[in-house]
Amino acid sequence: MKNHKIYFLLAVSMLFTNACVDKDFLDRPPVGVFSEDALKTKAGINGILIGAYAGLNGSMYGNGSSAGADVNTFSNWVFGSLTSDDGQKGADVGGSRSNIERYELTADNSKLNDRWAFCYDGVARCNDVIRLTPSVEGLSDTEIKNLLGQARTLRGLFYFHATVIFGRLPWIDEKTTDYYQKNERLLWPEMEADLKFGFDNLPETFAELGRVNKWAAGVMLAKVYMYQKKFTEAKALLDMIISSGKTTKGIKYALMAKYHDNFKIETQGSNTDSESVLDAQYSVNDNGRGFNGGLGENLNFPHGGLPTQPGGCCGYHQPSQDLVNAYQTKDGLPYLDNHNAQEVKNDQGIESSAPFTPHTGPLDPRLDWTVGRRGIPYLDWGPHPGKAWIRDQAYAGPFSPKKNVYYKANEGTLTEGTSRQLSANNTRIIRFADVILLAAEAEVELGNLEKGREYVNQIRRRAANPDGFVKNPDGTPAANYVIAEYTAPWTDKAMALKAVRFERRLELGMEGQRFFDLVRWGIAKETLNAYLAYEVTKRANLKGAAFKDHNILFPVPQRQIDATKLPDGTVTLTQNPGY
Amino acid sequence: MILLHLSLGAALAQRTVTGTVSDDQGELLIGASVQVKGTTTGTLTDVDGRFSIQVPEENTVLIFSYVGFERMEIVVGNQSHIEVILQSASQLQEIIVVGYGTQKKADLTGSVASVDVPSMLTRPAADLTQMFQGRVAGVVSSGSNQPGGNGYVRIRGISSFGSNEPLVIIDGVQTNGTNSLNPNDIESVNFLKDASSAAIYGARGAGGVIIITTKKGVPNKTRITYDGYYGVSKVIRYPDMVNTAELGQLLWKQAAGAGIAPSSPQYGKGASPVIPDYILAGSSGGLLEGNPAVDPSKYVYDQNGFYQIVRANKEGTDWFKELTQTAPAQSHNLSASGGSDRAIYNLSLGYYSEDGLQKYTFYDRYSARANSEFKLGKRIRFGETLFGSFRKRKGSADNGEGAPWSHAYRMQAIVPVYDIMGNFAGSKAPGTGNGANPVAILYRERNNTEKDIRILGSVYAEADLITGLLFRSNYGIDFNNNFSKAFRDVNPEHSEGNFQTTYSLQSGYQFRSTFTNTLNYAKQIGNHSFNVLAGTEIVEYKNEQLGGNRSGYYPFTDESFWVLDRGNPVGQGNFSSLGEEALFSVFGRIDYAFAGKYLLNATLRRDGSSKFAPDVRYGNFPSISAGWKISQENFMQDIRFISSLKLRAGYGVVGNDQIDGNNQFSFYRSDPARSFYDITGTNTSTVSGYDLDRKGNLNSKWEETSTLNLGLDLALFDHRFEMNLDLYNKKTSDLLVQIPRPGAEGDFTAPFVNVGNSQNKGIDLMLTYRSKAAAKWYYAASVNMTAYKNKVVSSGVDFFTNTTRNSPVSRTLTGQAIGMFYGYETNGFFNSGEEVAAAPTQPGINKNSPQQAVGRWKLKDQDGNGAVNANDRTFLGSPHPKFQAGFNVDVAYKNFDLNVFTFWNYGNQIYNNTKWWTDMNGFTGNRSRRMLYDSWTPENMNASLPKLDANDNVSNSVPHSYFVESGSYFRAKTVQLGYTLNEGFINRVGASSLRIYLQGQNLFTITEYSGPDPDLLDVGRGDIGLGVDHGRVPNPRQFLAGINLVF
């Protein structure tokens, strides 16, 4: 009797615990996430494609931290501009960007790793689309082409932006399972294949203007040709693009009437935006904690922290005196040979409270849409007050960047609620002016100098539109803008090439392409050392800096080399020479 | 018979009481003290253990004491003969709580250590685990120095990369830490150090197990106690930074070194630096008195026309002193315990508060405990332990690069704390960098609050089913509800500041339940004794969080507007999350002893964890151990000076599943920040998308740790000398590591995978010596030592961790210890242009401009190939101490007692990452005095730092040996002097004893480490972040006074 009780107790207790533990007890799947299988639907695969597009506004890498944001976007100011004669790191002393600016890079520089990881995360997102599309049921052929075309075009874009920085790269595609791939070659053939696929398969228009269309893929392909000096292929393609290309919205490619409409939130993507080939579409106040705004440019505002200035921080990416001088004109044309022989007056060392009269000599009107300088209206923020908006004039000079800056009228609605340094002002990854200038270059390289001149003049004609000048409040031009077309026929190829390249610098100033152009043209060392020799007379922080042959590429991040060592100690990634 | 005192007073009802005093083995005790309580009347037992004493009345209490035994008090009543059995003090403690039961210490075969709770409590701290430092051989602990911060404790070192956190069992309930516990409630703390003792906890035992039991009542012994102390703490060691004038000198020397004209927005452009009168007016700096810009009437502190005027602090602000404070701490604890033979109880109320060492930080904790047990008939007992606490932490809570302490490295001395109108000053003054005024951070975050309510408790039932068969069922919960609010205030004085505000709220809970059922059968058959345990356990864990934020509170920034609805809905955010884990286990244990001298123990546990995929979900964790009580052998009986001698040996396997619960799963996320895109170009909205969040691994399985443990317990001279020695070899296999993946794979959370094996060989040694005499003098000294050597033994393990501003600085490689510091080795300086030309090329150094390279570090070309590159990096030091030792000395004389506790940490290195900010050219900020006075010059080639050069961005751009320093230190942790009153006045107010004490903590430290505190085991970056100093508030010196009052 007694024993029965005991066993009863015992059995109940032990069974009780066991009974709770059915076979599902230890299954605790995560909530609020999506398995790959769940996304193998039309909506799912489109969502993954949107995820790949999300790479265009950056900062995917590093769990959404804003650290490294400046290189985790398609704003190329760190690798493409402060490394060039256009811009400087700016702000004040020190930091990892100073090593980049002075060509004293070590492979430990965190910016390199951030950039590498950013580009390859973009590639991975595209690969997910390409890999999963075949297993989604119910897609039409057109839809499949559409998905693959967009993903492959974007993949080409990500590879391109890594190639110009690191050179040889490991090829990772949708079939890759072993990620310990060597960086043995330049990936131009793969990029060409991706972009050609996009060009051949994508439609010309989309309902959503943010997508890459056929023509965007074509432009990227033309650019890839140009980087390989395949001028004939480039020209053929560019001719087609110029004659038939249109924006995703279906607007025929053309330069917008006013130069600065490229950098104005309201005109970007509007029905007059005939110039957008591919924008990184930024948005704010969208519950994205600011990460969809212009993170890459978040340091590049006049410094001072006041609501009376855009952004208020942090004074980075200041234009160089060399760039400013380049906008001087003589008879409306630039000084192709020695633009620093005469200087544009600046307010270096002058307090904002002290009087200052800006430069009165003739200037290309694009200067004042590219560079913020004392006394010239800074969009609708009033005249740039000079020193008060500069973090440390003695360190990096008196100028501010401008193209990335938003209008005062946009404050609060098109800037992020938690940070004025994030706005909806898109980064124009490629705009049609770039296309025309590439075409000009291809024509000149192929000996068609006059065609080249025609293209360059097309660019200058738009810049010369007086409606597009920076104006004082009374409607008068803010400076002495004198710009003319090249009227004399081009007969000397070297001169023509110089004019085309100079035009490219003027038109695309501070847009992050300059360094890569110089390297592509093979004139980086001479140009940049000449620039340093001049600029160091203004900026003590450049003293001792020198561009060496190996600086045409950046080092492969040490962290990546270390992370891809094989178990037997074999190194997978090879460092670029000189590092 | 020796008579110490004779009671000669002719008391009213004097009568004689006789008796004997013996130990629990029946041995009569010679020379035991017998004393009439509250008087000086006393005697000692004779050679036959007998005594005879005159007592005044029936209520008289006799106190029996003997060295090494528990003191005992007996009310005489009407007895005339009393036979007293004293419990051996060590014997009593020797009932040790082990997994799912208790065991006599004498019968232990594994490696189990107890902390001496009273001496542990002499270290005042919010978190119990901080009190373990140096107290137990094999246990390493440290604190966080944040008010109310979590302690850090590791048992037998680091052997895993994931987590080496020990499992904490409180009254049978699995918990996630001791932080909210009231240390005064603790009855015992036992550490299961080796696998043979921890294997009963299987899956979660790899980091060792800490078993904490809380106080229960004692039948028929009502006791009310009050313990309290009050103390003050102060930081006594600060980094040595340049003052205002010195920074000017440094900047000028840097300009000279770079070959450029000196220029500073503050110190001017002259031949020598000039300290200005004002550092800011509007946007200008470097202003002199009389400049119209500094006219106070221009001052505006508003976003419209903001115009700040700040005077220079010409002597220099000592930011570290400004941000710290003398911080009071107090603890009050009231407890009542008692009971009858039917029920026992222990109740306590506790209050603890401390101000942080950083200004405007505060922590307090209210706690209550009720433990009780009831008997139902003879065989059934019910009971509960219940603990509740309410904690509140206010103020800034950061550690690391963004913390106020770290900003103090970056604030120049010329910047004062306040501007001319008493608002905060800061780096808005030109040329002062981007440091944030740390006092301003602390002040503005003073009302940021984290609150939590924790309920920790268990209910249990025990039934003696038949003789020797005990059934126990225990259900415990650990519930924590948290709520936090944080306000980001305006900071217009900061160089990168603004008028934007954000208010964020977060709330959630964690709930862990542990349901355990065990059967225990004990049986003695002749010389054979058996004890068999079998049980099942299920553990469930759930964590749910919810939060949101809004912006735009300016100008209404004070706390009365801190509700979400007052903020601007533009840019608002919200989130929620949920995580669950579960564990199911079956376990058993057999203890067998033969003739009380041969001991055998075996356990087996089978665990299933939700963290692993179904195929690899279950793991088996066996152990076996044996002991031989040599001193019980006949041949030892004549060796009188050996009181006890035991050999132990054990082997067992334990597991580690402390990885993310989602480790096995691959999934995509839908995140507005990372996977949404404004594909339609609206500028203010996005279309949702997906991106890969995590790659799972279905094959990741238990990390297994097997330990072979050999132990020797020796006691000599009536237990006056004791030694516990353990030697172990701990092998961890299938290490779970989240290996850094190639960036080419994309960005996602990588799974923990099983990669290799590591080995910790070590020694735990505890030596104690106690004096013999009890009457006037008593002293005891003990040493405990912890030493281990860690090594990765399986081939192919090689990865980097610990990212600083440079690349990761810690490398884990086969044949080396985990997380060794790795980088370039500096090898003096380039003393001439010829040396530069002749030397191998160096990272970042332009050989073509030798004038620039002279005076810079020469990095060693380890492979001698003529170029210094990544292949020339080498191991620079180890974060693992060679040993740690605690020295404890107790001295008592009459009513005085003195405790001195010192701690020695030897043989590890620290990667002092704060030097990145202070010792070399980098971001504008403040600099160390080392940099000014010990940088290379042609006259001082034997310097510690390279030539001052304003354009040197290279010297701190790679990890190298300058950052690595010795981490050894010797510290006087505690000196406590007490005085006990147990007669006279105290008795007349109804108390039985009162002890008052004075105490000093961290009175001095001997170290070569240049940072403020070498005690930085926990840097908040997990065990893989071991040994890197990112800047943190140092351990303070503390003085306090306390009382213990017993009724």
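Protein chains in written order, with my numbering: chain A, 1 to 579; chain B, 580 to 1626.
Where is the CB? At the ideal position from N, CA and C, for every residue including glycine.
Because the structure is a prediction, the values reported are computed rather than measured.
query = Checking contacts by CB at 8 angstroms: is Asn346 (chain A) closer than that to chain B?
reply = As a working mapping, residue 346 (chain A) is identified with position 346 in the first sequence. Chain B contact via Cβ: absent.
message = Using a Cβ distance threshold of 8 angstroms, determine whether the segment 1492–1504 of chain B contacts the segment 93–110 of chain A, with at least three qualifying pairs required.
response = Put simply, the segment 1492–1504 of chain B touches the segment 93–110 of chain A. At least three CB pairs are less than 8 angstroms apart.
task = Take Phe643 (chain B) as the anchor and find which of B:Val677, B:Ala685, B:Val676, B:Thr597 has the nearest alpha-carbon.
result = Within the second sequence, residue 643 (chain B) is the residue found at index 64, counting from 1. With distances taken between Cα atoms, Phe643 (chain B) lies closest to B:Thr597.
ask   = Checking contacts by CB at 8 angstroms: is Gly1610 (chain B) closer than that to chain A?
value = Numbered from its first residue, the second sequence carries residue 1610 (chain B) at position 1031. Taking 8 angstroms as the CB threshold, Gly1610 (chain B) stays off the interface with chain A.
task = Could you please tell me which residues of the segment 107–136 of chain A, in chain order, have their CB closer than 9 angstroms to any CB of chain B?
result = Shown in chain order are the members of the segment 107–136 of chain A whose Cβ falls below 9 angstroms from a Cβ of chain B: Ala107, Asp108, Asn109, Ser110, Asn113, Trp116, Ala117, Phe118, Cys119, Tyr120, Asp121, Gly122, Val123, Ala124, Arg125, Asn127, Asp128.
query = For the segment 1314–1331 of chain B, which residues have a CB atom closer than 9 angstroms to at least one CB atom of chain A, in sequence order?
reply = For the segment 1314–1331 of chain B, which is checked against every Cβ of chain A, the residues closer than 9 angstroms are Ile1318, Pro1319, Arg1320, Pro1321, Gly1322, Ala1323, Glu1324, Gly1325, Asp1326, Phe1327, Thr1328.
request  = Could you tell me which of A:Arg461, A:Ala478, A:Leu449 sits nearest to Thr491 (chain A), measuring between CA atoms?
outcome  = Residue mapping note: residue 491 (chain A) aligns to position 491 of the first sequence, counting from 1. The closest CA to that of Thr491 (chain A), considering only A:Arg461, A:Ala478, A:Leu449, is found on A:Leu449.
Contact with chain A by Glu1404 (chain B), beta-carbon distance below 8 angstroms = The residue you call residue 1404 (chain B) lines up with position 825 of the second sequence. For Glu1404 (chain B), no CB of chain A lies under 8 angstroms from its own CB, so it is not counted at the interface with that chain.
inquiry  = Within the continuous beta strand (DSSP E) that includes Val600 (chain B), where are the two ends?
reply    = As a working mapping, residue 600 (chain B) is identified with position 21 in the second sequence. Where Val600 (chain B) is concerned, the enclosing beta strand (DSSP E) stretches over 594–602.
query = What's the C-alpha gap between Asn421 (chain A) and Val405 (chain A)?
reply = Within the first sequence, the letter at position 421 stands for residue 421 (chain A). Within the first sequence, the letter at position 405 stands for residue 405 (chain A). Going by the sequence as given, residue 421 (chain A) is Gln instead of Asn. Cα to Cα, the separation comes out at about 9 angstroms.
Validate contact between the segment 1384–1393 of chain B and the segment 558–568 of chain A using beta carbons, cut 8 angstroms, 3 pairs = Taking one beta carbon from each stretch, the segment 1384–1393 of chain B and the segment 558–568 of chain A have 3 or more pairs nearer than 8 angstroms; the two touch.
ask   = Are the beta-carbon atoms of Asn1235 (chain B) and Trp1207 (chain B) separated by less than 8 angstroms?
value = Here residue 1235 (chain B) corresponds to residue number 656 of the second sequence, with the count starting at 1. Here residue 1207 (chain B) corresponds to residue number 628 of the second sequence, with the count starting at 1. The Cβ atoms of Asn1235 (chain B) and Trp1207 (chain B) lie no closer than 8 angstroms to each other.
task = Compute the beta-carbon to beta-carbon distance between Glu766 (chain B) and Lys794 (chain B), rounded to the nearest angstrom, for a pair I have assumed lies under 8 angstroms.
result = Sequence index remark: in the second sequence, residue 766 (chain B) carries index 187 (1-based). Sequence index remark: in the second sequence, residue 794 (chain B) carries index 215 (1-based). 4 angstroms between Cβ atoms; contact.
query = In three-state terms, what does DSSP make of Ile130 (chain A)?
reply = Taking the first residue of the first sequence as 1, we reach residue 130 (chain A) at position 130. Note: Ile130 (chain A) maps to helix in three-state DSSP.
ask   = Counting Cβ pairs closer than 8 angstroms, one from the segment 843–852 of chain B and one from the segment 334–348 of chain A, do we hit at least three?
value = At 8 angstroms Cβ cutoff, the stretches do not touch.
inquiry  = Quick check on the burial criterion: 16 or more other C-beta atoms within 10 angstroms. Buried or exposed for Lys1351 (chain B)?
reply    = Stepping through the second sequence from its first residue, residue 1351 (chain B) is reached at position 772. The residue is exposed, with fewer than 16 neighbouring Cβ atoms inside 10 Å.
request  = Can you tell me which of B:Gln1431, B:Asp764, B:Ala1174, B:Ser1514 puts its alpha carbon nearest to the alpha carbon of Ser1108 (chain B)?
outcome  = Here residue 1108 (chain B) refers to the residue found at position 529 of the second sequence. That would be B:Ala1174, whose Cα lies nearest to the Cα of Ser1108 (chain B).
request  = Compile a chain-ordered list of the residues in the segment 1360–1389 of chain B whose CB is closer than 9 angstroms to at least one CB of chain A.
outcome  = Within the segment 1360–1389 of chain B, the residues whose Cβ lies closer than 9 angstroms to some Cβ of chain A are Ser1374, Gly1375, Val1376, Asp1377, Phe1378, Phe1379, Thr1382, Arg1384, Asn1385, Ser1386, Pro1387, listed in chain order.
request  = Note down, in chain order, every chain B residue with its Cβ under 8 angstroms from the Cβ of Ile48 (chain A).
outcome  = Taking the first residue of the first sequence as position 1, residue 48 (chain A) is located at position 48. Those are Tyr1247, Gly1268, Tyr1269, Asp1270, listed as they occur along chain B.
request  = Under 6 angstroms Cβ to Cβ from Ser843 (chain B), same chain only, skipping five residues before and after it: list those, please.
outcome  = Position 264 of the second sequence holds residue 843 (chain B). Excluding positions up to five away in sequence, the list reads Leu830, Gly1010.
request  = Please work out which residues of its chain come closer than 8 angstroms, Cβ to Cβ, to Asp273 (chain A), disregarding the five sequence neighbours upstream and downstream, and give them in chain order.
outcome  = By one-based count along the first sequence, residue 273 (chain A) stands at place 273. Closer than 8 angstroms at Cβ, skipping near neighbours: Thr247, Lys249, Ile251, Met256, Asp261, Thr267.
inquiry  = Pull the bridge partners of Ile765 (chain B) from the DSSP assignment, please.
reply    = To locate residue 765 (chain B), count along the second sequence from 1; it is residue 186. In DSSP, Ile765 (chain B) forms a bridge with B:Thr793.
request  = Name, please, each residue of chain B whose Cβ falls closer than 7 angstroms to the Cβ of Ser429 (chain A).
outcome  = Residue 429 (chain A) sits at position 429 when you count from the first residue of the first sequence. Rather than Ser, the amino acid found at residue 429 (chain A) in this sequence is Ile. Ordered by position in chain B, no residue passes the 7 angstroms Cβ test against Ile429 (chain A), which lies about 14 angstroms from the chain.
task = Pick out whichever of B:Gly1036, B:Lys957, B:Gly678 has its Cα sitting closest to the Cα of Ser775 (chain B).
result = Locating residue 775 (chain B) in the second sequence gives position 196, counting from the first residue. The shortest C-alpha separation from Ser775 (chain B) is found at B:Gly678.
ask   = With DSSP run on the structure shown, which of helix, strand or coil describes Met246 (chain A)?
value = Position 246 of the first sequence, counting from 1, holds the residue named residue 246 (chain A). Here residue 246 (chain A) turns out to be Lys, not Met, going by the sequence shown. In the structure shown, Lys246 (chain A) sits in a strand (DSSP, three-state: E or B).
ask   = What is the rounded straight-line gap between the Cα of Phe79 (chain A) and the Cα of Gly290 (chain A)?
value = Here the question's residue 79 (chain A) lines up with position 79 in the first sequence. Here the question's residue 290 (chain A) lines up with position 290 in the first sequence. Distance between the alpha carbons of Phe79 (chain A) and Gly290 (chain A): 23 angstroms.
query = Do we get a CB-CB distance below 8 angstroms when we pair Ser1534 (chain B) with the residues of chain A?
reply = Translated into positions along the second sequence, residue 1534 (chain B) becomes position 955. Judged by the 8 angstroms Cβ criterion, Ser1534 (chain B) is not in contact with chain A.
query = Looking at the structure shown, is Pro473 (chain A) part of a helix, part of a strand, or coil, going by DSSP?
reply = Taking the first residue of the first sequence as position 1, residue 473 (chain A) is located at position 473. Looking at Pro473 (chain A) - three-state DSSP - the assignment turns out to be coil, as it is neither helix nor strand.
message = Strictly by DSSP, which residues pair up with Met651 (chain B)?
response = Against the second sequence, residue 651 (chain B) aligns to sequence position 72. Under the DSSP definition of a beta bridge, Met651 (chain B) partners with B:Phe643.
Limits of the unbroken beta strand (DSSP E) element including Leu1477 (chain B) = Against the second sequence, residue 1477 (chain B) aligns to sequence position 898. It spans 1475–1485 - the beta strand (DSSP E) in which Leu1477 (chain B) sits, taken as one unbroken run.
task = Taking Asp85 (chain A) as the reference, give the member of A:Gly544, A:Asp562, A:Asp549, A:Leu532 with the closest Cα.
result = Along the first sequence, one-based indexing puts residue 85 (chain A) at 85. Ranking A:Gly544, A:Asp562, A:Asp549, A:Leu532 by CA distance to the CA of Asp85 (chain A) puts A:Leu532 first.
task = Starting from the C-beta of Asp1657 (chain B), find all residues in its chain whose C-beta is less than 7 angstroms away, skip the five residues before and the five after it, and write them out in chain order.
result = Limits of chain B in this structure are 580 at one end and 1626 at the other, which puts residue 1657 (chain B) out of reach.
request  = Name the two residues that bound the continuous beta strand (DSSP E) containing Glu1301 (chain B).
outcome  = Here residue 1301 (chain B) refers to the residue found at position 722 when the second sequence is read from its first residue. Taken as a continuous stretch (DSSP letters only), the beta strand (DSSP E) holding Glu1301 (chain B) covers 1300–1312.
query = How many whole angstroms separate the CB atoms of Lys1225 (chain B) and Ile1209 (chain B), which I take to be in contact at a CB cut-off of 8 angstroms?
reply = Sequence index remark: in the second sequence, residue 1225 (chain B) carries index 646 (1-based). Sequence index remark: in the second sequence, residue 1209 (chain B) carries index 630 (1-based). Yes, they are in contact, since the Cβ atoms of Lys1225 (chain B) and Ile1209 (chain B) sit about 7 angstroms apart, within 8 angstroms.
query = In terms of alpha-carbon separation, which member of B:Gly736, B:Gly929, B:Gln666, B:Ile790 lies closest to Asn763 (chain B)?
reply = The sequence position of residue 763 (chain B) within the second sequence is 184, counting from 1. Nearest in C-alpha terms to Asn763 (chain B), of all of B:Gly736, B:Gly929, B:Gln666, B:Ile790, is B:Gly929.
message = Closest to Lys1102 (chain B) by C-alpha separation, out of B:Thr1046, B:Tyr1082, B:Thr1081, B:Gly1127, would be which residue?
response = Along the second sequence, read from residue 1 onward, the residue named residue 1102 (chain B) stands at position 523. Looking only at B:Thr1046, B:Tyr1082, B:Thr1081, B:Gly1127, the smallest Cα-Cα distance to Lys1102 (chain B) is reached by B:Thr1046.
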